[in-house]
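FYI, the numbering for the sequence shown is -11 to 78, going by my numbering.
Don't be surprised by glycine CBs; every beta carbon is placed ideally from N, CA and C.
Data first, discussion second: the structure below is written as structure tokens.
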Amino acid sequence: MPNIRPSSDLRNNYNEISAFCHQYGEPVYITKNGTGDLAVLSIEAYERLTGRFELYALLEEGLADIRAGRTVDADEALDSILEDLENGTL
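Structure, rendered in structure tokens:
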């Protein structure tokens, strides 16, 4: 169940909101005049969330490469990497 708080709680109960965000890893939704305004979350939760977005973007890029035929066989890729290691170019 979402934790919804009025904007005045940011000022009056900041420590409580911070503790909730850190303990549960969930956002606290802040309302202003009864309408949703902000979502507050811990830095750790924010970094996990943005990390997922970055991962999804990389996966989409990989899928686009597959669809466009920009791939090589795994054995060929490994051979290329090993060759670069032997030549000191990697």
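*Residue range of the beta strand (DSSP E) that G24 falls in?*
Taken as a continuous stretch (DSSP letters only), the beta strand (DSSP E) holding G24 covers T23 to V28.
*What three-state label does DSSP hand N(-9) in the structure shown?*
Strand at N(-9).
_Buried or exposed for F41, going by 16 or more other Cβ atoms inside 10 Å?_
exposed
*Under the three-state reduction of DSSP, which class applies to T19: helix, strand or coil?*
In this structure, DSSP gives T19 an extended state, which the three-state scheme calls strand.
*Local conformation of G13 per DSSP, three classes*: coil
_Among P(-6), N0, E14 and L37, the one whose alpha carbon lies nearest that of G22_ = Answer by Cα proximity: P(-6).
*Using a Cβ-Cβ cut-off of 8 Å (strictly less than) and excluding sequence neighbours within five positions of F8, which residues of its own chain qualify?*
Taking F8 as the centre and dropping the five residues before and after it, the same chain places the C-beta of N(-9), E14 and V16 closer than 8 Å to its C-beta, in chain order.
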